Each structure stands twice: as structure tokens, then as C-alpha cells.
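Report on the structure given below.
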Amino acid sequence: MIDEPAAALPVRFDVGDGWLRQHVDRRLVLRALLSMGASPALAGCASSTTATHRSWASGSATGGSGATATDRIAARMPGARVLHGSRVTLVGDVAAAQLQVLFTAAERAVGWVSQVWGEPTVAAHAPLTLAAPKTLTEFRALGGGTGEAGQIAATTTPSRLIVISPQLTTEVTAEGVVVVLAHELTHAVLGQGGLTGVHHWVIEGSAEYTAYRPTGLGLAAAAPQLATVVAKGQVPTGPPDDAEFSGSSADPQQAYQYAYAYCLFLADRFGLAAFTSFVRAADARSADAFASAFATSIPRLSDAYATFLRSRVRAG
Ligand SMILES: [Zn+2]
6 MIDEPAAALP
16 VRFDVGDGWL
26 RQHVDRRLVL
36 RALLSMGASP
46 ALAGCASSTT
56 ATHRSWASGS
66 ATGGSGATAT
76 DRIAARMPGA
86 RVLHGSRVTL
96 VGDVAAAQLQ
106 VLFTAAERAV
116 GWVSQVWGEP
126 TVAAHAPLTL
136 AAPKTLTEFR
146 ALGGGTGEAG
156 QIAATTTPSR
166 LIVISPQLTT
176 EVTAEGVVVV
186 LAHELTHAVL
196 GQGGLTGVHH
206 WVIEGSAEYT
216 AYRPTGLGLA
226 AAAPQLATVV
236 AKGQVPTGPP
246 DDAEFSGSSA
256 DPQQAYQYAY
266 AYCLFLADRF
276 GLAAFTSFVR
286 AADARSADAF
296 ASAFATSIPR
306 LSDAYATFLR
316 SRVRAG
């Protein structure tokens, strides 16, 4: 898993009408970061990780802030300890040092989420609950993926519970863990874990945008596959289709990078406030979310997006 290039990672993702095979993989992104080694935020970032969020069809797991929810989560992990922060609660039976690394990362990541979505949005769901099981069996029992759980870094359930793979801290540096948790915490804060009827690029792009924004990484570093395609002159003119995120896609990993890039473009062109308004409206399934936020349409932005991509890829 560490040295191999990205492979398809079949993960089940509930989209309401059944189970869609969903492949998620951050591996190439983090490998690229490692090879560049120039990012102040992510220098030395570990070689591989994957992340996804699995949606449960109904409330078979419980997140939330109540003692009952925490107790129920802890019951799946004998000997679990609980670390309380003002905005996050971490429950886990991993080693104490590992638990502390995750707690520190979660506190930092929730700050990154607050920078984009605002402290009131974070506070409305605080403390956000994260579970850190020490075995894959516990990881799965808490909702962390399916039979391929060994290749999943973290899962966000519809009840906003984030389940962290026991392999995350062994395969990703502390900085990489913050990126992964910021991605998942965005889903948790925005209630995206169980969303249906919303384009994948909005859900994944908003989480990726939030997670990479504080790193200061250029587009070519955060989205190396996209950068390669753009450098060849095959410049996308809009966000990725939902089908590109599915298991039937030739390279679902690429779709995450395309989604990230489009969200970066929107935030850059229209400002953070317009971008977050759009995501909130889209998540609420507002039919005219895009037009309301940006006063234009995706087709009308195609030339501007292509220009943006060429420019950012050239910049590195
Ligand atoms: Zn995600």
C-alpha cells in the first residue's frame, strides 16, 4: 500500500437508491507532495493514504455530542479513552501516544474547517465526535468502510461520526493526518456524510478545498494528475461528472482532483463567501444554487476555467 501507485479502491457509498461502488484514493496526491518536499505545511508528508466516507442507510451508528453517543461508540472499543476538546471529542483504544497525535490533528483540522465555513457552523455541531479504533474489525463495526477497510483512512457517517482507520497514523505524517481529518470534518460539519441528490464534485470538492487551502500548496502539487492532463493540452472545461467518481470510472482518483480544482477556481474567481453560499445551497438541493451564487453558469465559465487551469498549472 505504501509504495504501489494508486489502485482502484472499491468502497461502498450509499446514494439512497442502492449501493454505488465508489473508489477513493488520496495516494497519488500525497506521493506527489512527498516527492516535491517543498511545502512548509506538508513537507515530508507520508507516502500514502486513502480517505472516504461511507454513508449508512439509516442511523445504525450514532455520532453527536451526547454522553450516550460517546458511550455507545466506546462500547465498540474495549478500554477506550476519551479526549475532550472544545470542538472535538476523540474516543479511541489506540495507543495513548497515537491517540494524542490524532487529537492534536483533529483540533487543528477543525480550525481549518472553521476558517472556511465559520466558527458558528462548527460550533453548531460541536463537539464533533471522532472514533479511533485500534483494529480494522472495530473500524468496520463503527462504520469505517466495508471489506476493503484496510485501504480507507477515515469515514464520515450521516450522523456526523468520523471513524479513523487504525492505519492512518502509521502511513501518514501528522500534517497528512490533519488534511485527511479536515476533509472528513468538512463533511461532518456540513452534514455531507449522508447527502443524496447532490453532485459529487460539490461534496468532495468542498471538502478537498477546505483541507488543502491552509497548506498553501499549488494546484500542480495538490492535483498532480490534473496538472499532467492540463500540461498535455487536455484542459477540462467544467467540474467532473458524477460517473467519474464511480467504480466504473477508469480513474476515480482523478475526479477528486478535478472537483478540488473546480472549487478552487470558483472560490478564487468569486470569493470565499460566494463559494460557501453556493455549497450550502447546493447541499440543500437548491436547483439554482450555482446561478444564485455566481450569476452565471458552468458552460459560460468554461473559457475562464480553462485559462485558470493553464495559469495555475504553469505556476506549479
Ligand atoms: Zn469525502
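The working numbering numbers the first residue of the sequence shown as 6 and each following residue consecutively.
Just so you know, even glycine gets a beta-carbon here, dropped at the ideal spot from N, CA and C.
Treat the numbers as computed from the prediction; the structure is a model and nothing was measured.
Assign residue i to one of two classes, buried (16 or more other C-beta atoms within 10 Å of its C-beta) or exposed (fewer than that).
i	result
L130	Looking at the sequence provided, one finds His at residue 130 rather than Leu. It is buried - the Cβ of H130 has at least 16 other Cβ atoms within 10 Å.
G276	exposed
H370	No answer is possible for residue 370: the residues shown for the chain start at 6 and end at 321.
S262	The question names Ser, but residue 262 is Gln in the sequence shown. Buried, because 16 or more other Cβ atoms sit within 10 Å of the Cβ of Q262.
P125	exposed
T201	exposed
V34	Any reading at V34 is ruled out, since the residue's pLDDT is 38, under 50, leaving its predicted position unreliable.
T215	buried
S119	buried
Do residue j and residue i come within 9 Å of each other at the CB atom, strictly closer than that value?
i	j	result
P138	D76	no
I303	P244	yes
A227	T220	yes
L141	P163	no
F299	L269	no
A111	V96	no
L173	L104	no
G199	V168	no
State the DSSP-derived secondary structure class of residue i, mapped to helix, strand or coil.
i	result
L224	helix
A316	For clarity, residue 316 is Ser in the given sequence; the question names Ala instead. Note: S316 maps to helix in three-state DSSP.
S297	helix
S307	helix
S302	coil
S291	coil
S211	helix
L39	At L39 the pLDDT is 35, less than 50, meaning the model places this residue with poor confidence; the figure from the coordinates comes in the next sentence. Helix, per DSSP.
S251	strand
L147	coil
T55	Legend: pLDDT at T55 = 32, less than 50; position of this residue unreliable, no value from coordinates given.
H192	helix
L200	coil
D246	coil
H205	helix
Q262	helix
A131	coil
A66	Confidence is the limiting factor: at A66 the pLDDT is only 37, short of 50, which leaves the residue's position unreliable, though a coordinate-based value still follows. Residue state, collapsed to three classes: coil.
G116	helix
By DSSP's criteria, residue i is part of a beta bridge. Which residues make up the other side?
i	result
V168	A136 and T160
G97	R86 and A137
Checklist entry - Is there contact here, the stretch 233 to 241 with the stretch 278 to 287, by at least three beta-carbon pairs under 8 Å? => result no
Next on the checklist: Measuring CB atoms only, is the stretch 190 to 202 touching the stretch 168 to 182, in the sense that at least three cross pairs come out at less than 8 Å?
Outcome noted: Result no; under three Cβ-Cβ pairs closer than 8 Å.
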